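These protein sequence lines are chains A and B, in that order. Letter 274 of the first sequence, counting from 1, is numbered 1548 in our numbering, and no numbers are missing. Letter 242 of the second sequence, counting from 1, is numbered 266 in our numbering, and no numbers are missing. Just so it is clear, CB atoms sit at the ideal spot from N, CA and C, and this is done for glycine as well. Note that the structure is a prediction, hence the values are computed from the model and not measured. Scroll down for the structure; my scribbles are underneath it.
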Amino acid sequence: MSKLGLTLENLSSEEFEAVVRRCEMRIKSSKYPPELHILDKDSDLLSFVLAVAVVKASQREDAISRFALNEANRAETFLKTENKKTITHIIRQVLKVPVYEVEYTLGKFYYEYMIDVKEYVALSSFLKSDYWRIVNRIVDNGFVYLRRSEVLRLARDRIRQELYRRIRESPSPIIPPRLQYLVEIIRNRPLPNIPFEGTSMTGYPPCVAHALSKVERNENLAHFERFFLTSFLLKMGKNVEEIISLFSGSPDFNEKIARYQIEHIAGLRGGRKIYNVPDCRTLFSQSLCFKNDTCDDISHPLQYGKHYISGEKDLDRKRRLPKENL
Amino acid sequence: MRRILIEKDVFLKKIFKKYYYHNITELSAPKRLSEREIGYLTFSPEKMIRHLSVKNEGELRALILHEAPKAVYYSSAYYEDPTAPINSRIWKGADLIFDIDLDNLPPMDGLMEKFFVCNNCKLYFSELNGKVCPGCSSQKIEEIKMATNKGLEQCKKEIIKLIDVLTQDFGVSRKDLNIYFSGKRGYHLTLEKSAYELVDQTFRLELSDYLLLNGFKIRRIFDERLSLDQQASLFPSPWDKGSLGRFSRKFCEQVLHLSLANLEEDLFRNRLIEYLSKSTNVDILTKLESIKQDLSIKIDVAVTTDIHRIFRMPDTLHGGTGFIKKKIATIDSFLPLTHAVVLSDEPTKVFVYYVPEFELRGQQFGPYKKQEATLPEAAAVFLVAMNVAQPLEGGS
């Protein structure tokens, strides 16, 4: 905006009505259609900047999270239409991901990019599906080979994370009175359900508390994390409705799908199998273990609390000898 | 004749001290020594001393000479101040470390000699039925595991596989890999000062899973839902990169019985289609699962993922065997039960409670059962350190 010599105050004038309408669309809809591109380049960009200011001014974490996800999805849609060279340029220069172009065919797949394996693991760590883990990637000479769609998927999440971080860290703007109604649109949205109000999260094992805190912040949980939290809460006696309500604030929440999945885990659908809560080892292997002193030597999250609450634990009993076989 | 027993730890410490006195100049410490935490384990009373640091190799040697410890350790991590309290230490990176131990290999006959000892009545027995000693009903039972040449050869195969994957897939230079016999039941591999020294636990876990093939999807190679043509085109070539190429090479050798030398794509594809068309899905999947087991490298995940681990110091004696943690120049010709046995041949008297036949430096010993024996110092220390013999006066 400063490049155009504009302030938020300027945008409240009638001259920028189209920009304001576009901004409203951006903050209202989770399906802001990419084909609506474009008023003109500057106006579209201005509507984005205004939307960022409005979302920040709303002081709603869930709105920041949802907005970042929507805009990242939109960016991915545009990136898909670009040629290889442009994609490489944007990913390298804008997203600061050192991606290299290659041409490699393996079986029926054509690989167009490679990324340093360390960068790749950092980029993909939020994607919990086994598909994204390096054990299921082509890794050669310190690089991971990727198809175009895979690079774009990674780029999308880098955009989401960056946007979320930057909005959170930016100072809260003063919205001109004429545009204040945009902030109210967000503020008037019902608050997502906070899990089990009045229950102290300290009673949960750290892995569960971590997942619950993400839900509270309206962040998406990875598939396995959601499965873990659901199976744990079911074992703790929560019912399907309570758990659906818990997840309702997630940016990608879809009640029909959520209900189906929760009922499946509860053994109410499909093969009627009641799924067990994953053990600590499995959670560790999925990077979902956040073990601390309160865990003691438990091997399963459901064992937590038994000796912690009963006070049998000796928190100072650390300093173990190294493994005998070393 | 009345036997005069010597206290085990006094005996071992004396011999360790003598060894270090004559050989301390051979100790070669890891790089960036002053940035690492140093620790050691004392003989009786057994106590772990940690959070030390030394300025240089000379200071480390002086420490070892003075203390003659049961074991010496260094941290794989580098810190701003290695002596600072653990919670306030500034972590500056860590070597990539790998431990391949007999305990982590799939069960197989002959990898280890296993038996049990009752630390109350010193009865030795091969099978443990229940949780108590069959002689005195004590619960102080200890399982003794002695590595065999066969077992250590298996560990060596894992190390060779590990070197292959680290150099091919992760771009590590072979000359940067340090390989050691651990001094007891396996091998260590360390990578110092590499592009990977700053990677976090998430990466180390991902790397561990890559090596173990944890979570590997067989459907990347064979999908029973596809048509024969589609299956054949999905299947990777032996020349492909990464783990898929490795799978295909193993498949060629073990299943299609094709030699990789001078193999051409057409011959490979034809034989593959022939095999796929004649075999059931169950057969194919069983074979691929078996190859996956062969290719999986049996590292100890807890070691590789721990960025604050303390690890045995190279060129120091193992308190559980008296062998040395030995750096290996050529893995193929390395003989652990010869090259890592560094104590002397001086005749040493011990009372052996029980030990099956074993081999050190190419010489066979035992079996012994409740009897005195005069053995070379290295063999005597091995048995005493393993807790299957007691030193006698007038020996070493």
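- Taking a cut-off of 8 Å for Cβ pairs, the segment 353 to 371 of chain B and the segment 218 to 228 of chain B do not touch, as fewer than three such pairs fall below it.
- For residue 1389 of chain A, the closest of A:1315, A:1398, A:1382, A:1454 by C-alpha to C-alpha distance is A:1398.
- Taking C-beta separations shorter than 7 Å and ignoring five residues to either side along the sequence, the partners of residue 41 of chain B in its chain run 92, following chain order.
- Contact between residue 88 of chain B and residue 44 of chain B holds, with the beta-carbon distance rounding to 6 Å and staying under 8 Å.
- The shortest CA-to-CA distance from residue 217 of chain B to any of B:57, B:391, B:395 is the one to B:57.
- Residues of the segment 230 to 242 of chain B whose Cβ lies closer than 7 Å to any Cβ of chain A, in chain order: 230, 233, 234, 237, 238, 239, 240, 241.
- Setting aside the 5 residues that flank it on each side, residue 1393 of chain A is surrounded in the same chain by 1371, 1372, each with a C-beta closer than 8 Å to its C-beta; the list follows chain order.
- At least one C-beta of chain B is nearer than 8 Å to the C-beta of residue 1412 of chain A.
- The beta carbon of residue 244 of chain B sits closer than 8 Å to some beta carbon of chain A.
- When C-beta distances to chain B are compared with 8 Å, every residue of the segment 1478 to 1503 of chain A stays at or above that value.
- Secondary structure at residue 280 of chain B: coil, using DSSP grouped into helix, strand and coil.
- What residue 1382 of chain A touches in chain B, judged by beta-carbon distance under 9 Å, is 254, 257, 258, going in chain order.
- At least one C-beta of chain B is nearer than 8 Å to the C-beta of residue 1404 of chain A.
- With a threshold of 16 other beta carbon atoms within 10 Å, residue 1331 of chain A meets it and is buried.
- Below the 9 Å Cβ cutoff, chain B contributes no neighbours of residue 1541 of chain A, its closest Cβ being approximately 25 Å away.
- When the alpha-carbon of residue 1575 of chain A is set against those of A:1559, A:1551, A:1560, A:1567, the nearest one is in A:1551.
- Rounded to whole angstroms, the separation of the alpha carbons of residue 1381 of chain A and residue 305 of chain B is 20 Å.
- Put simply, of A:1338, A:1557, A:1509 the residue whose alpha carbon is nearest the alpha carbon of residue 1442 of chain A is A:1338.
- Taking the CA atoms as reference points, residue 170 of chain B sits about 54 Å from residue 1532 of chain A.
- Here DSSP, grouped into helix, strand and coil, assigns residue 151 of chain B to coil.
- Annotation: the segment 1448 to 1528 of chain A contains no complete segment of the beta strand (DSSP E) (minimum length 3 residues).
- With respect to the 8 Å criterion, residue 210 of chain B and residue 124 of chain B are classified as neighbours on the basis of their beta carbons.
- When secondary structure is reduced to three states using DSSP, residue 205 of chain B falls in the strand class.
- Counting only the Cα atoms, residue 389 of chain B lies some 12 Å from residue 402 of chain B.
- Residue environment analysis places residue 37 of chain B among the buried positions, since at least 16 neighbouring C-beta atoms fall within 10 angstroms of its C-beta.
- In this structure, residue 336 of chain B lies near residue 207 of chain B, with their beta-carbon atoms less than 8 Å apart.
- Look at the segment 1346 to 1431 of chain A and you find these whole runs of beta strand (DSSP E), each 3 residues long or longer: 1373 to 1380, 1383 to 1390, 1412 to 1414, 1417 to 1420.
- Within 8 Å of the CB of residue 1421 of chain A, no CB atom of chain B is found; the nearest one sits about 13 Å away.
- Contact between the segment 159 to 174 of chain B and the segment 133 to 143 of chain B is established, with three or more Cβ pairs separated by less than 8 Å.
- Under the 8 Å criterion on CB atoms, residue 265 of chain B is classed as interfacial with respect to chain A.
- Residue-level contact by beta carbon holds for residue 1416 of chain A and chain B, with a gap shorter than 8 Å.
- For residue 223 of chain B, the chain A residues whose Cβ falls inside 7 Å of its Cβ are 1392, in order along the chain.
- Annotation for residue 1537 of chain A: 1514, 1543 place their beta carbon closer than 7 Å to its own, counting only its chain and skipping 5 residues before and after.
- Taken through DSSP and simplified to helix, strand or coil, residue 1563 of chain A comes out as coil.
- The beta carbon of residue 1315 of chain A sits closer than 8 Å to none of the beta carbons in its chain outside the five residues before and after it.
- If you look at residue 55 of chain B, you'll find it isn't in any alpha helix (DSSP H); DSSP assigns it neither H nor E.
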